[in-house]
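Down below is the structure, laid out as structure tokens.
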Amino acid sequence: MMSELEEYERAPKRLKVSAEDDEELEEGEESDSASAGLVHDDEDEDENEGQRRASRKDHTSDTHHIAPSPVVHVRGLCESVVEADLVEALDKFGNICYVMMMPFKRQALVEFEEVEFADRCVSCGSQEAVYIAGQQAYFNYSTSKRITRPTNADDPNSGNKVLLLSIQNPLYPITTVTMATRATVSLHDTFI
205 MMSELEEYER APKRLKVSAE DDEELEEGEE SDSASAGLVH DDEDEDENEG QRRASRKDHT
265 SDTHHIAPSP VVHVRGLCES VVEADLVEAL DKFGNICYVM MMPFKRQALV EFEEVEFADR
325 CVSCGSQEAV YIAGQQAYFN YSTSKRITRP TNADDPNSGN KVLLLSIQNP LYPITTVTMA
385 TRATVSLHDT FI
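Under my numbering, the sequence shown is numbered contiguously, ending at residue 396.
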């Protein structure tokens, strides 16, 4: 008799139809041509299950073991999640330096100040569910030790070339010339 864990890990059986006979089997699937689809021999099943489990165990240990890093890879995000949602949910693990969203992949990278903070995040995420914007997220260390930032983001004191002007309730027509004149005058502490 199989334990619940073995039964859970066993590849699902499916009824073969004649069109599938020529297809290649996917990894973890067995050929059921001798049996009538769902009926199988328990002894062969146990032997095959042991081989599959051993190969799966070897495969996952090679690909999923990543050294601890201050950067955490977050998966399983909803499409509407924003940086503020991540910061709000993950700030309890430690100070966050930077967040890079990958919205079309429903993923993000979060850089913590210290590796210990990232370790808290990954450990907690593996032991209990962590929800971001109402959806469970999954955490692992990133292969990167630092998130590459856009130009000038490394030095917040360095100037940038973006000037944002917000105009509310304009009383007369405003052109770019008008805005440039006002901005120049404002920079020289002179008002018209």
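Yeah, the Cβ is synthetic: ideal placement off N, Cα and C, and Gly gets one too. Given the structure is predicted, the values throughout are model-derived calculations rather than measurements.
Alpha carbon of residue i to alpha carbon of residue j, nearest angstrom
i           : j           : result
residue 343 : residue 329 : 6 Å
residue 332 : residue 280 : 15 Å
residue 311 : residue 368 : 30 Å
residue 339 : residue 305 : 16 Å
residue 325 : residue 334 : 9 Å
residue 373 : residue 387 : 18 Å
residue 353 : residue 381 : 33 Å
residue 309 : residue 303 : 15 Å
residue 296 : residue 378 : 46 Å
residue 376 : residue 370 : 15 Å
Short Cβ contact (8 Å threshold) for residue i with residue j
i           : j           : result
residue 315 : residue 298 : no
residue 313 : residue 351 : yes
residue 269 : residue 346 : no
residue 341 : residue 274 : no
residue 300 : residue 286 : no
Secondary structure of residue i, DSSP reduced to three states
i           : result
residue 286 : coil
residue 315 : strand
residue 340 : strand
residue 279 : strand
Cβ shell of residue i (< 8 Å), same chain only, five flanking positions each side left out
i           : result
residue 349 : 273, 274 and 275
residue 271 : 345
Contacts around residue i, its chain only, beta-carbon distance under 7 Å, and the 5 residues preceding and following it disregarded
i           : result
residue 401 : There is simply no residue 401 to check, as the chain begins at 205 and stops at 396 in what is shown.
residue 307 : 283
residue 327 : none
Spatial neighbours of residue i in its chain, beta-carbon cut-off 6 Å, leaving aside the 5 residues before and after
i           : result
residue 410 : Only positions 205 to 396 of the chain appear in this structure, which leaves residue 410 out of reach.
residue 320 : none
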